[in-house]
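Encoded as structure tokens, the structure appears first; notes follow it.
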Amino acid sequence: MKIKYIDGKRFSRGIRAGAKRVYDNQDYLNDINVFPVPDADTGTNMAATLKTIVDEMTAFSTESVDSSCRQIADSALKGARGNSGVILAQFFYGLAQGMERRIKISTEQFGEAVQRAKEAAYEALSQPKEGTILTVIKDWAENVYANSQRIRDFQELFHKSLEVAKQSLENTRLKLEALKKANVVDSGAQGFVYILEGITDFLRTGKIREIEKKTIMPVVQEIAHTDLKAEDIRCRYCTECLIEGKQIDLKRLRRQIEAFGDSVVVAGSESRSRLHIHSNEPAQVFAVAREYGDLLQQKAEDMQKQYLVTHFPHPKIALVVDSACDLPQEFIDEYRIHVIPVRVSFGNSTYIDKITITPEYFYQMLQTEAHHPKTSQPAPADFRNLYAFLLSHYDSIISIHIPEAASGTYQNALTAAKEFPDRKISVVDGKSLSIGLGFIAERAARLIAAGKSHDEIVKAVGDFTRQTQIFVSIPSLKYLMRSGRVSKAKGVLAKILNIKPILNLDARGMPQHYSKSFSDWGAVKKIFKLTTRFVENKKAVRFTVAHANDLPKADYLVRRLKEKFGDISIPVMPVSPVLGAHAGNGAAAIGVTWEE
């Protein structure tokens, strides 16, 4: 039976079928991802973008193809990830413009709409590159437009144009040097062809279920060796955000951020836009973006680390921590620990911990900003996206986080892990903060590198949480009062008496009052004494020192510890904002771990 028109419901079901095809083949798309950066995440990103569309389809059901396409475009923009994901979102925005005020469309009207979608996709990039998803969109759209007046059946129109798209896809192998060298087609373009295949099969069968049964993972072809090194990736962070504002000038925004990197894509409308760029300066990118409105869904992924994961040997177990875990960056890089960032907010301005706001800058703002900082845990979607990428390259994941009693981070990680019921993900309550959590993660990383089994490491981490402690000197109760951790009455009394509290962690990993002093430096000296007394009769003791914008205190503690325990290695770290928001400027801490 011929299909002479498409309405909103049929259009939505077709997109669902296309999304399913991409979702089932995302690992293959990751495997052939070599351009613009071989970070092996195109499949994950396109699947995440389309999953947002499908998940939100249940919230709307409309006969109007105009309304359906606009809602799909909005969902795509909200969930867009990566270069191809943002281009796809802009494609849907252009398609929605071409379908405006239509309840249903004919093949001729559809041909005009896909021309607008093609133009919109090209407009999103500052420097459109042929031989990519753009080329396949263009060749397919032009074929649809050319045949749409003659062919009145959508089944035939999609069948014929799909063959053109497949040939265009095959040609990408020869158009870009990186693809030619690796002997692969463009990954984003392949994803777009999968969408077309899913829609074409749906139009032919009318049943998404049949398509699901027939979806087959392709055999991954042999990809040629690449001489690229991680340090050759010129721009390290895949930087994205969603901007909500009024009268956003997309062209002006695109021009402004071009100076900060490459692979620039700006998609959306005057009221909501998605920004994507590869950059070494995500903080500056977001500073420009804030001029246009409120920033949502900020992201800055480390493409160098992604490249190392996908192209070099590594253990079978991935280790994930959140940014409240304080570890030297050199250790994180060496052991390929994956850090999911906490968000830090001052008023309406939100930052990505340790990426768009450093600890040093955080403590400067703590002194000057009228608003007390707030921290917010990574969303389940953040964990889901990271887990999806890692499970493409690792057998299992161990995810260690700040205490469940202190944050929703642990619970959000659990929620995301449940979305992968057939894979092994262990979410562990680290029951510690800052440098204490760093010790636990460090010991877990060393066990992974030593080849211990997943279950052995999870059991050991439980032991590590009982073999770790921190002692923190607090120079003022001001920030504990502002955060609501201490009542105003107690804070005023402590100020009158000049009390300087000393904290450690309880069995849940929560800060608790442990001792006190009556001077700032007296408290620093006291945590040294308390620590040395605490580690008596403990074996294989190691220390880390942390400070909140007060290096002299850290230097003092390192010197005293070395005088007591010999010339041992003692890393010095800035206190993470998660603890620093409560401890405030001038806080100092000693972290200790031992063996039993």
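Taking the numbering used here, the leading residue of the sequence shown gets 12, the next gets one more, and so forth. Glycine included, each C-beta is placed from N, C-alpha and C at the ideal position.
Asked: Report yes if the C-beta distance between residue 439 and residue 411 is below 7 angstroms; otherwise report no.; Found: yes
Asked: Are the segment 456-465 and the segment 541-554 touching, with three or more C-beta to C-beta distances below 8 angstroms?; Found: no
Asked: Taking the C-alpha atoms as reference points, what is the distance between residue 234 and residue 568?; Found: Bear in mind that the predicted position of residue 234 carries a pLDDT of just 39, short of 50, making it unreliable; the figure below should be weighed with that in mind. Roughly 53 angstroms between the two C-alpha positions.
Asked: Please state whether the Cβ-Cβ distance between residue 261 and residue 275 is less than 7 angstroms.; Found: no
Asked: Can residue 559 and residue 594 be called in contact, C-beta distance under 7 angstroms?; Found: yes
Asked: Measuring only the C-alpha atoms, how far is residue 57 from residue 30?; Found: 9 angstroms
Asked: Throw me the rounded Cβ distance for the residue 432 and residue 586 pair, which I believe falls under 8 angstroms.; Found: That belief does not hold up - the Cβ atoms of residue 432 and residue 586 are roughly 38 angstroms apart, past 8 angstroms.
Asked: Please state the DSSP three-state secondary structure of residue 521.; Found: coil
Asked: So within the segment 538-576, which uninterrupted beta strand (DSSP E) runs reach at least 3 residues, ignoring any that extend past its ends?; Found: 550-558
Asked: Would the segment 447-454 count as touching the segment 375-395 if we require 3 or more Cβ pairs under 8 angstroms?; Found: no
Asked: Thinking C-alpha only, which one of 110, 77, 133, 363 is nearest residue 101?; Found: 133
Asked: Can you tell me whether residue 404 is helix, strand or coil according to DSSP?; Found: coil
Asked: Drop a sphere of 10 angstroms on the beta-carbon of residue 562, count the other beta-carbons inside from all chains shown, and report buried for 16 or more, exposed for fewer.; Found: exposed
Asked: Can you look up residue 121 in the DSSP assignment and give me helix, strand or coil?; Found: helix
Asked: Can you check DSSP and say which residues form a bridge with residue 273?; Found: 289
Asked: Let's test the definition: count the other Cβ atoms within 10 Å of the Cβ of residue 590 and tell me whether it reaches 16, buried, or not, exposed.; Found: buried
Asked: For residue 305, which option in 291, 393, 323, 281 has the closest C-alpha, if you only look at C-alpha atoms?; Found: 281
Asked: Does DSSP classify residue 431 as helix, strand or coil?; Found: coil
Asked: Of all the beta strand (DSSP E) runs that stay within the bounds of the segment 282-328, which reach a length of 3 or more residues?; Found: 283-290, 305-313
Asked: Indicate whether the contact test is met: 3 or more Cβ pairs, each with one atom in the segment 391-405 and one in the segment 363-378, closer than 8 angstroms.; Found: no
Asked: So does the segment 339-350 actually touch the segment 417-427, counting three or more Cβ pairs closer than 8 angstroms?; Found: no
Asked: Less than 8 angstroms between the CB atoms is what I'm expecting for residue 27 and residue 77, so what's the real figure, rounded?; Found: The pair is not a contact, with the Cβ atoms about 18 angstroms apart (cut-off 8 angstroms).
Asked: Measure how close the beta-carbons of residue 163 and residue 118 come, nearest whole angstrom, since I'm counting them as under 8 angstroms.; Found: 6 angstroms
Asked: Check whether the Cβ atoms of residue 293 and residue 250 lie closer than 7 angstroms to each other.; Found: yes
Asked: Measure the beta-carbon distance from residue 209 to residue 92 and round it to whole angstroms, keeping in mind my assumption that it falls under 8 angstroms.; Found: Actually they do not touch by this definition, with Cβ atoms about 19 angstroms apart.
Asked: Please determine if the segment 594-607 and the segment 373-382 are in contact, where contact requires at least 3 C-beta pairs separated by less than 8 angstroms.; Found: yes
Asked: Extract the residue ranges of the beta strand (DSSP E) inside the segment 358-416, only unbroken runs of 3 or more that lie entirely within it.; Found: 360-363, 385-387, 407-412
Asked: If you follow the beta strand (DSSP E) that residue 156 is part of, which residue opens it and which one closes it?; Found: Run containing residue 156: none in the beta strand (DSSP E); it sits in the alpha helix (DSSP H), 144-159.
Asked: Can you tell me where the alpha helix (DSSP H) with residue 64 in it begins and where it stops?; Found: 53-68
Asked: With DSSP as the reference, identify every bridge partner of residue 515, one or two as the case may be.; Found: 523
Asked: Nearest-angstrom Cα distance between residue 35 and residue 427?; Found: 19 angstroms
Asked: How many Å lie between residue 511 and residue 404 at the Cα?; Found: 49 angstroms
Asked: Counting only beta-carbon atoms, is residue 525 nearer than 7 angstroms to chain D?; Found: Among the protein chains of the structure shown there is no chain D, as only one such chain exists.
Asked: By DSSP, does residue 332 sit in helix, in strand, or in coil?; Found: strand
Asked: With a threshold of 6 angstroms on Cβ separation, who are the neighbours of residue 73 within its own chain once the five nearest residues in sequence on each side are excluded?; Found: 19, 79
Asked: By a C-beta neighbour count over all protein chains shown, 10 Å radius and 16 as the cutoff for buried, is residue 127 buried or exposed?; Found: buried
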